[in-house]
Structures are given as structure tokens and as C-alpha cells.
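Only one structure is covered here, and it is reproduced in the block below.
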Amino acid sequence: NAGVTQTPKFQVLKTGQSMTLQCAQDMNHNSMYWYRQDPGMGLRLIYYSASEGTTDKGEVPNGYNVSRLNKREFSLRLESAAPSQTSVYFCASSLGLAGGLGGTDTQYFGPGTRLTVL
Amino acid sequence: KQEVTQIPAALSVPEGENLVLNCSFTDSAIYNLQWFRQDPGKGLTSLLLIQSSQREQTSGRLNASLDKSSGRSTLYIAASQPGDSATYLCVVSGGYQKVTFGTGTKLQVIP
Numbered sequence: 001n002a003g004v005t006q007t008p009k010f011q012v013l014k015t016g017q018s019m020t021l022q023c024a025q026d027m028n029h030n031s032m033y034w035y036r037q038d039p040g041m042g043l044r045l046i047y048y049s050a051s052e053g054t055t056d057k058g059e060v061p062n063g064y065n066v067s068r069l070n071k072r073e074f075s076l077r078l079e080s081a082a083p084s085q086t087s088v089y090f091c092a093s094s095l096g097l098a099g100g101l102g103g104t105d106t107q108y109f110g111p112g113t114r115l116t117v118l
Numbered sequence: 119k120q121e122v123t124q125i126p127a128a129l130s131v132p133e134g135e136n137l138v139l140n141c142s143f144t145d146s147a148i149y150n151l152q153w154f155r156q157d158p159g160k161g162l163t164s165l166l167l168i169q170s171s172q173r174e175q176t177s178g179r180l181n182a183s184l185d186k187s188s189g190r191s192t193l194y195i196a197a198s199q200p201g202d203s204a205t206y207l208c209v210v211s212g213g214y215q216k217v218t219f220g221t222g223t224k225l226q227v228i229p
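Protein chains in written order, with the numbering used here: chain A, 1 to 118; chain B, 119 to 229.
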């Protein structure tokens with residue numbers, strides 16, 4: 001049981017290059033998320049997908065696009081990378097949409113992708 | 119806007135010591151509060167989730183408390199072990215897409 005997997009684990013880009021971060025979960029979860037983690041700051045939500053076929057912006061969506069390819073996979077694309085996008089990116093999933101009243105939907109996180117944009 | 123603060127940012131203790139990690143939040147209108155553990159290269163793992171109607175949750179050597187009115191939560195770790203070394207994150211939820219992460223306390227347990 002792999003849980004949440006992310007590829008690649010490390011990536012170095014030059015300013016202006018594009019790339020896609022891949023995420024997959026094998027827990028039959030409905031909701032998936034992309035976060036970024038920067039030094040001295042808590043994780044911040046970039047985009048989320050409440051269910052297959054839907055995506056919505058989070059707190060910091062500028063410069064990113066996402067695709068919920070199917071129930072298992074949720075990708076994050078940087079069209080034109082900038083140094084400000086240097087960060088550690090985490091994908092997460094949960095059975096239901098996390099955070100709701102009485103919610104018990106724990107998010108399960110992948111190991112992260114460390115991205116450096118030069 | 120909800121703000122979640124964890125103090126201290128880093129803590130070093132000898133093995134076997136009992137310890138308390140602190141989390142404070144500015145908006146008491148929360149739905150639940152969760153403690154996660156973050157290990158390098160391994161992402162985040164949920165430890166305990168406390169619903170807004172609850173005061174505490176326990177799992178093994180861990181006990182988390184919640185005081186909504188004062189905007190505080192504590193994570194108590196009994197008889198600490200070197201394997202407890204990690205960064206501990208407090209996460210507060212005020213509803214869908216109102217999930218706020220703290221910056222964490224990095225714990226080192228010295229053998």
C-alpha cells in the first residue's frame with residue numbers, strides 16, 4: 001500500500017522553464033490537494049480537488065495550474081517557473097473534503113518534491 | 119485571518135523526559151485541530167485530531183488538549199524517545215478551505 005506518491009523528489013529548473021509535478025494516491029480518496037512549504041511559514045494551499053472532475057484555487061494559486069486526471073491522480077504544472085516558486089511541494093489526499101464541521105477527514109501526505117528555480 | 123503560532127520553534131530534551139509543545143491560534147471559531155508529525159523526506163503524518171466539541175485526545179504516549187476559548191492547544195509527549203525527533207505541526211480548521219498550518223516545533227530527543 002503506497003499511500004500518496006509524488007514524482008520527482010528533487011528538481012532544478014531555470015527561470016522560464018515549465019514542468020509538471022505528479023501525484024497519485026491508492027486509497028480511493030475523493031479529495032486531493034497541493035501545498036507549498038517555505039521556510040518560516042506554514043504549509044499553504046495552492047489548489048485542491050474536492051472530487052474527480054473539479055478543481056478550485058487555494059490561498060496561493062498564481063503561477064500554477066492543476067489537472068485532476070482521474071480519481072487517483074492530481075498534477076501540478078508550473079508554466080513559466082520563477083525563483084519565487086522555489087519551495088517544497090506536498091500533495092495530500094483525504095476521503096472527504098478536509099476541514100469541515102465535525103470533519104474527521106485526515107489528510108494523508110506524500111513525501112514532497114523539493115524544487116529549486118534558478 | 120486565522121494565525122497559528124507554535125513556540126518554541128525548536129526544542130532539545132534528553133531521552134525519557136516528558137514534554138509539552140504549544141500551539142496558539144487567533145480565531146476561536148474552529149471546527150477541529152490536528153497535530154501532525156513531519157519527518158524529513160517522508161511528508162506529514164497525522165497524530166491526533168480534536169473536534170471542536172472535545173477537550174482532549176490520547177494516543178499511546180501522546181495527549182493533545184484543546185481550549186478554544188483561550189485559543190490554545192498543547193501536545194504532551196510522555197517518556198520521550200529518540201524516535202520522537204521530528205517537527206510537530208499544529209493545524210487548525212475553521213471550515214472547508216480554512217485550514218491553517220502552524221510553522222512547527224522541531225523536537226530533538228537526545229539519547
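Using N, Cα and C, we set each Cβ at its ideal position, and we do this for glycine too.
Status (buried if at least 16 other CB within 10 Å, exposed otherwise) for residue i
{"i": "residue 223 (chain B)", "result": "buried"}
{"i": "residue 199 (chain B)", "result": "exposed"}
{"i": "residue 84 (chain A)", "result": "exposed"}
{"i": "residue 98 (chain A)", "result": "buried"}
{"i": "residue 15 (chain A)", "result": "exposed"}
{"i": "residue 111 (chain A)", "result": "buried"}
{"i": "residue 167 (chain B)", "result": "buried"}
{"i": "residue 148 (chain B)", "result": "buried"}
{"i": "residue 105 (chain A)", "result": "buried"}
{"i": "residue 4 (chain A)", "result": "buried"}
{"i": "residue 220 (chain B)", "result": "buried"}
{"i": "residue 40 (chain A)", "result": "exposed"}
{"i": "residue 66 (chain A)", "result": "buried"}
{"i": "residue 46 (chain A)", "result": "buried"}
Of the residues the options, the one placed nearest residue i, counting alpha carbons only
{"i": "residue 129 (chain B)", "options": "B:167, B:195 and B:147", "result": "B:195"}
{"i": "residue 31 (chain A)", "options": "A:45, A:15, A:71 and A:16", "result": "A:71"}
{"i": "residue 62 (chain A)", "options": "A:52, A:53, A:49 and A:78", "result": "A:78"}
{"i": "residue 37 (chain A)", "options": "A:80, A:113 and A:118", "result": "A:113"}
{"i": "residue 161 (chain B)", "options": "A:91, A:27, A:66 and A:59", "result": "A:91"}
{"i": "residue 58 (chain A)", "options": "B:176, B:229, B:216 and B:203", "result": "B:216"}
{"i": "residue 180 (chain B)", "options": "B:137, B:229, B:125 and B:119", "result": "B:137"}
{"i": "residue 192 (chain B)", "options": "B:132, B:119 and B:141", "result": "B:141"}
{"i": "residue 69 (chain A)", "options": "A:25, A:12 and A:116", "result": "A:25"}
{"i": "residue 145 (chain B)", "options": "B:177, B:212 and B:155", "result": "B:212"}
{"i": "residue 122 (chain B)", "options": "A:42, A:118, A:109 and A:33", "result": "A:42"}
{"i": "residue 225 (chain B)", "options": "B:134, B:139 and B:120", "result": "B:139"}
Chain B contact for residue i (CB, 8 Å cutoff)
{"i": "residue 2 (chain A)", "result": "no"}
{"i": "residue 118 (chain A)", "result": "no"}
{"i": "residue 53 (chain A)", "result": "no"}
{"i": "residue 8 (chain A)", "result": "no"}
{"i": "residue 21 (chain A)", "result": "no"}
{"i": "residue 115 (chain A)", "result": "no"}
{"i": "residue 41 (chain A)", "result": "yes"}
{"i": "residue 16 (chain A)", "result": "no"}
Neighbour flag for residue i against chain A, beta carbons, 8 Å
{"i": "residue 137 (chain B)", "result": "no"}
{"i": "residue 219 (chain B)", "result": "yes"}
{"i": "residue 162 (chain B)", "result": "yes"}
{"i": "residue 159 (chain B)", "result": "yes"}
{"i": "residue 122 (chain B)", "result": "yes"}
Chain B contact residues for residue i, given Cβ-Cβ distances below 8 Å
{"i": "residue 86 (chain A)", "result": "Neighbours of residue 86 (chain A) on chain B: none; closest Cβ ~18 Å, over 8 Å."}
Chain-ordered neighbours of residue i on chain A, where CB pairs are closer than 9 Å
{"i": "residue 225 (chain B)", "result": "Residues of chain A passing the Cβ test: none, with the nearest at roughly 17 Å."}
Chain-ordered neighbours of residue i on chain B, where CB pairs are closer than 9 Å
{"i": "residue 90 (chain A)", "result": "161 and 162"}
{"i": "residue 58 (chain A)", "result": "215"}
Under 7 Å from the C-beta of residue i: neighbouring residues of chain B
{"i": "residue 109 (chain A)", "result": "161 and 162"}
{"i": "residue 63 (chain A)", "result": "Near residue 63 (chain A) there are no residues of chain B at all, since even the closest Cβ is about 19 Å away, more than 7 Å."}
Counting only runs that start and end within the region 18–42 of chain A, where is the beta strand (DSSP E) found for 3 or more residues in a row? 19–25 and 31–37
Quick check for students: name the residue ranges of the beta strand (DSSP E) that lie wholly in the region 130–205 of chain B, counting only runs of 3 or more. 137–143, 150–156, 162–169, 174–177, 180–185 and 190–195
Quick check for students: name the residue ranges of the beta strand (DSSP E) that lie wholly in the region 71–111 of chain A, counting only runs of 3 or more. 74–78 and 87–94
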